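Below you'll find the structure, written out as structure tokens, and then a few comments.
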């Protein structure tokens, strides 16, 4: 029997009164990969994550972690680490005590608390009350709480919020190292540049519905849909393409940008006996792909 | 058991218990000092009067109720309920752990309040050369009643706070009910059955006057109130969307 995917949603729907926050969403993420979860504000990302984590009840459909609803996990803290909003701490409790509470409830040894604080570089400020923490420190504390049980699956909701550039770099390196060790990461973010640097694949939702779920490279190539071709005989190639009804614009060093897939460009060049030095699918940036799929909503 | 320990740790790792404890001590100092200084030596020498002096420790039942409200509704106010449910997604267990933890904390708080009240009263009575009768059976039953009432009130506060989920509103409504709402039940001669009076009948533990239910009936009714609040609070926990 095949192993259940780390995270899976099937026909997941959530309605708040007359508002549909998530509408029949279905996807499953692959193990050992970083999957970005993107969508404009209000698209339903946070609601989806909270349904996966058992915090919000679906109106219909299923949200599964390792094949079962979060509520039915035997040992949730050791199965999945979750980073929620950074403000979700008691302001008068110290960072270390917050972790001690989680560790006590989950039956995790106290030594792990200090080790995790060390890992997120909060040891020096661990005994200070959370109300004195910066937003970035709270985010690190959230990450520490997620890592307490040493899970192989991380679900992160906007973890880069409030982090300074050094913190963002730390988080990026940490997540890469986590995924490199076989861990699975599902990360929502509105910072597209971060996702572009991190993710292997992306899930994009818009107006509560799924609009894309594919590897990042495939998405950016598909969205652009064109071809970059370079030839020492670029002018003749452009005429050849024009004769076939294909538009091409000239660039530098014999480069053409062609509004057709690489296969058609290659066939046209071969038919005319034109030498090519480069032929590749044109990639859009993640931002361009995102904006195209979401109609420009951010 | 782990969840109960975690709930107790939550209570110990903020200053809430400290402030509530100080509030009880402050009230005890004020009331006991006034009572001992204002009454005559002959009156203070009566066991009944001395019992009245230390009965201020029963305020710990009210404080325990507030502790219960903060322990449950406060989690929603501070947004920490999400973390709690991530660790323990079976919410009924969280509700049960909170009930047990706050009942225990309330009982400890009440016991400490009694110890302080008895010690302070004994000290002040001796200072006025009044023979101390605070070890009488009646006074000791009062200790047991206060501790039991505080445990019940704390758990009741958890259930009630879980139901309302708005910390400040829940505390204000509870106080308004106890100070205004419940006395109004007297119009229909139903005031002994209000939750506040029922808890008071547990406090009195066999020493009640005619205006309170007997200890047994009060205890049974208090446990019924607790069961109803616990079930409704647990259902509210279960149904809540943590957005």
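Residue numbers (this note's numbering), protein chains in the order written: chain W, 1 to 298; chain L, 299 to 541.
Note that the Cβ used here is the ideal one computed from N, Cα and C, for glycine as well.
Predicted model only: the values in this text are computed from it and were never measured.
Assignment of residue 197(W) by DSSP, reduced to helix, strand and coil, places it in the helix class. Around residue 205(W), the same chain offers 39, 43 and 44 as residues with beta carbons nearer than 6 Å, after the five sequence neighbours per side are excluded. Within chain L, no C-beta atom comes less than 8 Å from the C-beta of residue 133(W); the nearest is roughly 14 Å away. Under the criterion of beta carbons closer than 8 Å, residue 107(W) and residue 300(L) qualify as touching, at roughly 5 Å. Any Cβ of chain W closer than 9 Å to the Cβ of residue 464(L) would place that residue at the interface, and such an atom is absent. An exposed status is given to residue 242(W), since fewer than 16 other beta-carbon atoms sit within 10 Å of its beta-carbon. Residue 537(L) belongs to the set of residues whose beta carbon lies under 9 Å from a beta carbon in chain W. Of the candidates 472(L), 491(L) and 509(L), the residue whose Cα lies closest to the Cα of residue 363(L) is 472(L).
Excluding sequence positions up to five before and after residue 117(W), its CB lies within less than 8 Å of the CB of 95, 96, 99, 123, 126 and 144, all in the same chain and listed in chain order. Annotation: residue 446(L) to residue 500(L) spans about 7 Å, alpha carbon to alpha carbon.
Residue 416(L) sits buried, since 16 or more C-beta atoms from the chains shown fall within 10 Å of its C-beta. Ranked by Cα distance from residue 448(L), the options 346(L), 328(L) and 496(L) are led by 496(L). With respect to chain W, the C-beta atom of residue 481(L) has no partner C-beta closer than 9 Å. Residues of the stretch 10-31 of chain W that bring their beta carbon within less than 7 Å of a beta carbon in chain L are absent altogether. For the 9 Å CB-CB criterion, residue 359(L) and residue 396(L) do not form a contact. For residue 41(W), the nearest beta carbon of chain L is not closer than 9 Å to its own beta carbon. Residues 444 and 501 of the same chain have their beta carbon placed closer than 6 Å to that of residue 356(L), with the five preceding and five following residues left out of the count. Beta-bridge partners assigned by DSSP to residue 153(W): 184(W). Assignment of alpha helix (DSSP H) within the stretch 199-268 of chain W, counting only whole runs of 4 or more residues, yields 216-224 and 234-243 in chain order.
Within the stretch 86-121 of chain W, the runs of alpha helix (DSSP H) that reach at least 4 residues and sit entirely inside it are, in chain order, 95-106 and 110-119.
Among the CB atoms of chain L, one or more fall inside 9 Å of the CB of residue 85(W). Judged by their CB atoms, residue 8(W) and residue 67(W) are nearer to each other than the 9 Å cut-off. By the beta-carbon neighbour count (other beta carbons within 10 angstroms, threshold 16), residue 509(L) is exposed.
For the C-beta of residue 532(L), not a single chain W residue is nearer than 9 Å; the gap to the nearest is close to 15 Å. The C-alpha of residue 494(L) is placed about 6 Å away from the C-alpha of residue 476(L). For residue 518(L) and residue 498(L), the gap between their C-alpha atoms comes out near 13 Å.
The stretch 458-469 of chain L and the stretch 364-383 of chain L touch, with three or more beta-carbon pairs separated by less than 8 Å.
Among the residues facing chain L, residue 104(W) is included, as its CB has a counterpart in that chain under 9 Å away.
Scanning chain W for C-beta atoms nearer than 9 Å to the C-beta of residue 380(L) yields 50, 53, 55, 82, 84, 85 and 88, reported in chain order.
Fully enclosed alpha helix (DSSP H) runs of no fewer than 4 residues occupy 45-52 of the stretch 16-55 of chain W, in order along the chain. With 16 or more other Cβ atoms inside 10 Å of its own Cβ, residue 290(W) counts as buried. Three or more Cβ pairs closer than 8 Å define a contact, and the stretch 162-169 of chain W meets that threshold against the stretch 125-141 of chain W. Taking the Cα of residue 321(L) as reference, the smallest distance to any Cα among 305(L), 365(L) and 338(L) is reached at 365(L).
Taking residue 428(L) as reference, the option from 465(L), 341(L) and 326(L) with the minimal CA-CA separation is 341(L). Residue burial annotation: residue 376(L) is buried, with at least 16 other C-beta atoms found within 10 angstroms of its C-beta. Contact check for residue 279(W) against residue 229(W) passes: the beta carbons are separated by less than 9 Å.
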